[in-house]
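Before any comments, here is the structure.
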Amino acid sequence: MKRLFWLAIAIALLFAGNLVNNNLKDYWQDVIQQCGIAVILAVSLNIVNGLTGQFAIGHAGFMAVGAYTGASITYFAAAKFAHVGIPGPAWMLVAMVAGGLLAAIFGYIVGVPSLRLRGDYLAIVTLGFGEIIKVMLENTHDISPALDYMGGATGFQNVPSLSKFPLLWGMAVLLIILVRNLKFSSHGLAFMSVREDEIAADAMGVHTTRIKVSAFVLSAFFAGVGGVLYAHAKLIKPDVFGFTLSMSYVVMIVLGGTGSITGATMAAIVLTALPEALKPVRDKIHFTDEYLQVIYALILVLMMILRPAGVFGTGELSFAWLRRRFGRPKNSAIETGEAPPEFTHTAGERKPLEPGEPLVLDTVHLTRRFGGLTAVGDVNLQLQRGELVGLIGPNGAGKTTLFNLLTGVYEPSEGTLAFCGSPLAGERPLPPNRRWLRLTGDVLLAAFGGWIIGIILSTSVVPFIDPNKPESLHLQLGIKWAVTILITLWAIVLAPRRRRYLAGYKPYQFAQRGISRTFQNIRLFGELTVLENVRIGTYLRRRTNLFDALFQTGRLKREEAENIAKARELLSRFNLLKVENEQAKNLPYGDQRRLEIVRALATGPRLLLLDEPAAGMNPQEKVSLMGLIREVRDDFGLTILLIEHDMKLVMGICERIYVLDYGRIIAEGTPGEIRNNPKVIAAYLGEEETEEIVQPEMPSPPIRTQLQPE
Amino acid sequence: MTEAFQIFLQQLINGIQTGSIYALIAIGYTMVYGVLKFINFAHGDVYMVGAYIGFFTITGLLLHANPLMQNIGGLLLCMSGCALLGVFIERLAYRPLRNGLSASDAWPWALFTALYLGLFVGPKVEEHSQFNGVGAFLVVTAVSFAALWPLLRVFFRALGTRLKPSKNRLTALITAIGISLLLENQGQASFTPTPRQYPSQSFKAINLHMGAVQLNVSSGRIIELVAAILLTVLLVYIVRFTRTGRAIRAVSFDPEAAALMGIPTDRVIALTFIIGSSLAGAAGFLNHNLGQIPFKPDVGIQLGLKAFVAAVLGGIGSIEGAVLGALLMGLAESYVGGSALTSYKGAIAFVILIAVLLFRPAGLLGRYVTEKV
Amino acid sequence: MLTITNLSVYYGAIRALDGISLEVKEGEIVTMIGANGAGKSTTIRTISGLVRPRSGEVMFEGKPLHTLPPHQIVTLGIGQSPEGRRVFANMTVRENLELGAFTRSKHKVQVREDMERVFVQFPRLKEREAQSAGTLSGGEQQMLAIGRALMARPRLLLLDEPSLGLAPFLVQNIFKIIREINQQGVTVLLVEQNANQALRIANRGYVLETGRVVLADTAPNLLKDDSVRKAYLGE
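Protein chains in written order, with the working numbering: chain A, 1 to 710; chain B, 1001 to 1373; chain C, 2001 to 2235.
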């Protein structure tokens, strides 16, 4: 009901806008049209560059794909149905869907190989893609004379002008709403978690590559739609869709604030309309266009130096924000209309161990080498359900490497790792269906690449042969197909031997199966709020998909409400509810550490790995942390493995301790045994003189508070 | 067969020659990427400015009366002019972006503003005083610089304490694009879009006979090629074997550790801009003076993009890689340009690039570094 | 020689050092011990200018260091072997050492002498002179890092965790070398997790905890101190 109401208002506004628009001068109608297109392109690019933090600079290429596809559809429709009249909005709809889809397919092809890697590769590949598309469109005649209607370098003539105000701005508004829906759902949070910290996102069960590809494909789709609208508004020529156009969209989102939809929209409108609005002024003071551009460039540079986050940063202009900014300050609980939830988690969930129950964690001969160096060698760890186990060892002993093995960041060089009875790491083939799918994909890719290379090679011999003889034609064909077949065969033979056919699980799969972790150097999603950080933890137990997020379906709303409630419950359990709307990076150090634990708990783990949770804490904080870790274990029925330097802490709470030195386990036992183990003492003190240090057993961990600052 | 072989050789020479120009520009991209880890998109425009510096000094000072002056003098002028430009860009935009604003960043901005004031207010002063055009420009520039400098110092110092430098790579890229736009449009405004061509020189055509094969090459192109190779070799020597080169390599490997060795990192960064920009200037001069190619203020965009692709192809950050990538690209373009696919000449660079990156993400000679957890 | 007063350093909102004061006198070996995250490395990084303090000052022979850029601090006579060694893995051992002498490259003869001296101290480096530093083992890299710092002829040598990740016999060796270097007249400020070893060769020590100095005494006294023993044995 509420939705219908807003929809009615939106439609009414659009038509009112249309009425105003139609009474403006043609020139201004044109400017408004340009603004609408710029908004669509900027907001769509913002999905990749802003929300997901990737770096795509070939947006104009996808726009061109959409533009030419859409224009072809309406062009033929106009020709075919000339007797009925010009094609109407229905054809436009078909054109937009087709243009968007084709752009999305191109997005997928470009995105999959380049998004696996981090860094600037996406930028370079998208840049190249944009240029290739441009050159292809310039040479449509050479590709096939059937494409001559596209006009090659001179441009696509006779495209009907169908990008009318209501359609164009209706699409722009729709896109803004969809992206906004996405941004504030947990799916959008997953996008942003990739931007904030890919490694941490991975550890929270976010399939980062899939997220990046989704974002990229989504963005390409909307760019295609924008392209279709552009094609029906202006003459499209290949050189329009060049590097400069791509860059102008990148500039818009950076100036507006990467990640801010409001920012992207505003920047798109201002940067498109302002130069036009300034034209009368410019003419009055006899300023040339070039100098206007110089000033624009200068503003860009100054802006980057003075306010690199853009005008809006990652924030949005919204009623809630306006209220916070200008209204009376309200506390968060009232704002959301709920009382802070009671902590309801039932304590004492621990069931007694059953005799045949598999170990939670069981590693056999786990080994990891880097080059010739064995960082972790022959490690056998056995953890039973409900245990709280410590892992200690001097700096550089390989503790963190072992953790990375246990969370899938590294693959073991040797040995196996079983979690709750099922193998998680170690070399083993992919399941057959995935294996065949991957093999088919690789072979098709190789065949396509081979075909292209074949064409290039066979045409490059043209200058050396006499084109009139039939043998030369045979030679050319022979080269082309021989190359294609050879490369395909090569792929069939070599591809299955490649490592990715044998890979174990990735970190996000470890997280999905129930291993969660914290990091030694805190890896929170700094720009996101405390609550959002925890919501990302709940993301991996989702049942909804991206479309639910875009269209705000009922089940998404229910799930979000559930997740938020669960997240807030956890926060209140750890006394962090009062700061739920703070950005994580602004929290004090101790709170950040606790928040990392909360975020890890939100994934619903069975095994929790804590990497130096007490690092950088003062003695009081350490005491409360020790209590907390024990409580967590008891209340959530977890198994905990803890790396720590602080021996006091480890000895105080752990039931069993493994000692690692030079990548090997040198001792294992209860705190008392470890304390008196000469090997351990030697490892920690780097000397053999032990008799002096061995002390009688201590009943409980004493806390050192007698040391005061000088 | 001999005819085909002749075409093959001809394309080979053309390819190497185009490649050598790409290499000179690509080195600048790769060096700046090495020390600062960002793509300096303004580099192509430095090339453009280089070409114009040579053109205007030669035609303005009538250097073409003497071939030695035209070629050697022009080259040196271009290189030094571009070196100044490069280091000025670094001081104006990239350093404040990297380190945050401080009082020492005041002079480039003061100078920059003063130059524009001179350009716009100068003619007005000329009307109302006995100064001639150049004099008025100089006076206005000097006076406004003297006024602005102290003012900006105070202003920047105050601002600097409140700003945090950005670690975002997108920011650096946008800044580079801003500088690129600035140079391009200032170029359009100052140099006008009319195509220019260096005064022609009469170069002998060299006929090479190798058995049945005969090749015609302009001696100008040969000189161009030799000069480009000499400059590249000189650069590789500097970077590999001198103290300065070691400092540059140290800064690109680990700026912090380099600083602990007593290496002034900011100065080394400025130096890489000097070297990279002067090579771009040399490329602009060689390509247009000896190659006799007409040019417009937008000449730097496409060429810069190609050179950048060459640098990535070879493995960005590696100088040898940039040279290798540039040669490969020059050859590919030359052969594709001579084949039936000639209309795709513009795209071949990117096709090769994407193909290579699929299999070797770090480029031919680069190394892919993964992040440590 | 080196005086630090009331030094506070922040990383963003996180306080790494909370008003630290310490002093190093000429000819001493002074060690800073403490757990991970206690602020030892931050102190070293502040001395060498890589980190700017929010308040407090660092004076070296009466000159303030906290306003100078890192490369000028090196020229004053402070050399550093950073945590994690940070050798230039893409260059040869010789090139690394030459970079160490970057500030004194004009005195070619002296540099050559110094290099010979480093090679005498670390014969392993001599053997691997033309090898790229990335191929060295951890211990050799640590020797290279120390040798590289010595090439600047420092009067004060800052060593950040020189025993990190080294095998026990190598650790012994490194500490022996540190003592030798000190005997040749170089003052040493040593940051270590290996408290016992460090205190054994040091004259004085500071115990750091969460950005503050909680204990300062002569090394033998610290070795005997109960609280230090407890802190490192976790009783």
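For every residue, glycine included, the Cβ atom is placed at its ideal position computed from N, Cα and C.
- In this structure, DSSP gives A:VAL360 a state outside helix and strand, which the three-state scheme calls coil.
- Near chain C, meaning a CB-to-CB distance below 9 Å, the residues of the segment 570-600 of chain A are LYS585, ASN586, LEU587, PRO588, TYR589, GLN592.
- CA-to-CA, the gap between C:ARG2155 and C:ILE2044 works out to about 15 Å.
- Counting only Cβ-Cβ distances below 7 Å, A:GLY155 has no contacts in chain B at all, with the closest Cβ about 17 Å away.
- Assignment of C:ALA2130 by DSSP, reduced to helix, strand and coil, places it in the coil class.
- DSSP, reduced to helix, strand and coil, places B:ILE1348 within a helical segment of the structure shown.
- Using a Cβ distance threshold of 8 Å, A:VAL376 and A:LEU402 count as a contacting pair.
- Looking at the DSSP output, A:PHE525 sits in no beta bridge, so it has no partner there.
- Counting the other Cβ atoms within 10 Å of the Cβ of A:PHE551 gives fewer than 16, which makes it exposed.
- For A:ILE392, there is no enclosing alpha helix (DSSP H); the enclosing beta strand (DSSP E) covers residues 388-392.
- The beta carbon of A:ILE522 lies closer than 7 Å to those of GLN592, ARG593, GLU596 in the same chain, with the five residues before and after it left out.
- Taking C-beta atoms as the reference points, B:LEU1364 and B:GLY1330 fail to come closer than 8 Å.
- In terms of Cβ geometry, A:HIS59 and A:TYR249 form a close pair [threshold 8 Å].
- Assignment of A:VAL659 by DSSP, reduced to helix, strand and coil, places it in the strand class.
- Along the length of the segment 532-590 of chain A, whole beta strand (DSSP E) runs at least 3 residues long do not occur.
- Assigned with DSSP and collapsed to three states, B:GLY1044 falls in helix.
- Taking C-alpha positions only, A:THR518 is separated from C:GLU2113 by approximately 50 Å.
- The C-alpha of A:VAL530 lies about 14 Å from the C-alpha of A:ARG573.
- Contact annotation: in the segment 1253-1276 of chain B, residues whose CB is within less than 9 Å of a CB in chain C are PHE1253, ASP1254, GLU1256, ALA1257, ALA1258, ALA1259, LEU1260, MET1261, GLY1262, ILE1263, PRO1264, THR1265, ASP1266, ARG1267.
- For B:ARG1098, no Cβ of chain C is located within less than 8 Å of the residue's own Cβ.
- For B:THR1018, none of the residues of chain A pass the 7 Å Cβ criterion, the least Cβ distance being about 16 Å.
- Buried is the label assigned to C:SER2041, since at least 16 other Cβ atoms lie within 10 Å of its Cβ.
- Taking the Cα positions, B:GLU1333 is about 6 Å away from B:LYS1345.
- Using a C-beta cut-off of 8 Å, the segment 269-279 of chain A makes no contact with the segment 1161-1179 of chain B, since fewer than three inter-stretch Cβ pairs fall below that distance.
- If you draw a 10 Å sphere on the C-beta of A:PRO423, you find fewer than 16 other C-beta atoms in it, and that means exposed.
- One Cα belongs to B:ILE1089, the other to A:GLY537, and the distance between them is close to 45 Å.
- If you draw a straight line from the Cα of B:ASP1045 to the Cα of B:ILE1025, it comes to about 11 Å.
- If you draw a straight line from the Cα of A:LEU373 to the Cα of A:GLN509, it comes to about 28 Å.
- Under the three-state reduction of DSSP output, A:THR244 falls in the helix class.
- Contact between A:ALA67 and A:VAL294 is absent: CB atoms are separated by about 30 Å, not below the 8 Å threshold.
- For C:GLN2172 and A:THR208, the gap between their C-alpha atoms comes out near 45 Å.
- DSSP places B:PHE1112 inside the alpha helix (DSSP H), whose first and last residues are 1106-1127.
- By the rule that beta-carbons nearer than 8 Å mark a contact, A:HIS59 does not touch chain C.
- The alpha-carbon separation between A:TRP91 and A:ALA77 amounts to approximately 7 Å.
- It is roughly 18 Å from the alpha-carbon of A:ARG630 to the alpha-carbon of A:ILE392.
- Contact between the segment 2143-2157 of chain C and the segment 2084-2104 of chain C is present: three or more C-beta pairs spanning the two stretches fall below 8 Å.
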